[in-house]
Ligand SMILES: NC(=O)c1ccc[n+]([C@@H]2O[C@H](COP(=O)([O-])OP(=O)(O)OC[C@H]3O[C@@H](n4cnc5c(N)ncnc54)[C@H](O)[C@@H]3O)[C@@H](O)[C@H]2O)c1
């Protein structure tokens, strides 16, 4: 496969590193594209091309020329979320397939553009839902699909982002809904995708609440940070702020972001307590699925610990899964540094509850990333995927619809029927499961 990557920030490294280090005999990165010349230069250094002047690089306005000159088969899209749709549509129109970072996109207008371009061109997009591939999450799919707890009836799902990982969404582009769709789209796309996949169904009705309860100016005052600056780099109270991100104290942050600022004014360390932040940090949704299952969902972004807790209630018993996660994000002190704990308890009616052996994987996101990369770049050497983990435009579309409906519900205060929402915008999306 001839691959071009657009968006050469932090996440693109997973793709470029994987191709260069593990799959160079099968695939080639033929070009890189970014709006920031500094980051583009850094990215190209990491893609060695023996005997040449290096991999071809293109600034964002030259993306179409990239396709014309380098003729990639596949475009990896790893830009900020609001830009995904534009690159997907242009890639499709030029005859390329796409591997897209989550979320597929952030709103209905852009979703419609992607679906129409897909129908017109027949090209494919794979959304990289790495969480599906973590062995612990695959085990749950297996348990539910085999009817271990009978018919699933109700779910309680809580995801906690801690004060390091959670805070990071309030520092940069994610902090405005027009860039990320808010956390109910940007982050919860993973969680709602897991629910859709686990339950083999799609959301039909969503009622949600959400507010910014922690990352706001009054909290800064409460924490004794009244003299805070607009960004960490020139903040007078950084020495007493638990959310201080030292761009210069970390070699990777310094080279990827601090030294690239002059090109585009992208500041990676804006104050998490800014008044102008437009996303919520406390969100709850009640979701009804087409299959009849109902789910309660909570996402917070300032928890003292990071991880997920989920309970599936079934007609024969229940499954309770808990994962204390520590992500390798930048800055802050972690309460659970180096510690990962995953448990799954099965409790069948009339029996004692028992802890299951949970398979664990090596690598990022609970062992998910390496497995997913294997299926993307070397599927012939992987076991057949009996769990249907690869996600296309349909799964990608459904995974954002719960969050888009939740955002609409927060705005209006009313429950949102997903099919009515789609009909009103003339969007046709194939059904998902039952
Ligand atoms: N699946 C996961 O676990 C996971 C983890 C992290 C990020 N992501 C996703 O990866 C994507 C990128 O996130 P990130 O953390 O790397 O962000 P980032 O800000 O580090 O990188 C984004 C890059 O896109 C570039 N860019 C901005 N505008 C552009 C344009 N018009 N054309 C081309 N390039 C442009 C920026 O200069 C930057 O280099 C997001 O969609 C995010 O949701 C997924």
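Residue numbers (the numbering used here): 46 to 479.
For glycine and all other residues, C-beta sits at the position ideal for the given N, C-alpha and C.
- Residue pairing for residue 224: DSSP places it in no beta bridge.
- Only residues of its own chain outside the window of five on either side were considered, and among them 422, 423 have a CB closer than 7 Å to the CB of residue 68, listed in chain order.
- Taken from the Cβ of residue 218, at least one heavy atom of ligand 1 lies inside 7 Å.
- Relative to ligand 1, even the nearest heavy atom lies 7 Å or more away from the CB of residue 135.
- In chain order, 212, 215, 216, 260, 288 place their CB closer than 8 Å to the CB of residue 317, counting only its own chain and leaving out the 5 sequence neighbours on each side.
- Residue 473 counts as exposed, since fewer than 16 other C-beta atoms from the protein chains shown sit within 10 angstroms of its C-beta.
- With a threshold of 7 Å, the Cβ atom of residue 53 counts as near ligand 1, since some heavy atom of the ligand is closer than that.
- Here residue 397 is exposed. Its C-beta has fewer than 16 other C-beta atoms within 10 Å.
- Closest by C-alpha distance to residue 121, out of 364, 171, 253, is 171.
- Following the DSSP letters along the chain, one finds residue 359 inside the beta strand (DSSP E) bounded by residues 352–359.
- In the structure shown, residue 252 adopts extended strand secondary structure according to DSSP, grouped into three states.
- If you draw a straight line from the Cα of residue 53 to the Cα of residue 325, it is about 27 Å long.
- Burial state of residue 320 is exposed, judged by a 10 Å Cβ sphere holding fewer than 16 other Cβ atoms.
- In this chain, the beta strand (DSSP E) harbouring residue 204 covers 197–207.
- Below 8 Å, too few C-beta pairs join the stretch 448–464 and the stretch 268–284 to call them touching: fewer than three.
- Residue nearest to residue 434 within the set 185, 84, 163 is 185 (criterion: CA-CA distance).
- In this structure residue 239 is not in contact with residue 178, their Cβ atoms being roughly 11 Å apart against a cut-off of 8 Å.
- Along the length of the stretch 123–206, whole beta strand (DSSP E) runs at least 3 residues long occupy 142–145, 170–172, reported in chain order.
- In the structure shown, residue 47 adopts extended strand secondary structure according to DSSP, grouped into three states.
- With a threshold of 7 Å, the Cβ atom of residue 241 does not count as near ligand 1, since no heavy atom of the ligand is closer than that.
- Per DSSP, the unbroken beta strand (DSSP E) holding residue 328 starts and ends at 327–334.
- At least one heavy atom of ligand 1 sits closer than 7 Å to the Cβ of residue 56.
- Per DSSP, residue 268 is not a residue of any beta strand (DSSP E), being assigned neither H nor E.
- Distances between the C-beta of residue 147 and the heavy atoms of ligand 1 include at least one below 7 Å.
- Look at the beta carbons and you see the stretch 403–422 touching the stretch 60–80: at least three pairs across the two are nearer than 8 Å.
- Beta-bridge analysis with DSSP links residue 362 to 393.
- Residue 198 and residue 451 have their C-alpha atoms some 21 Å from each other.
- Closest by C-alpha distance to residue 351, out of 371, 341, 342, is 371.
- The closest CA to that of residue 46, considering only 180, 58, 245, 75, is found on 75.
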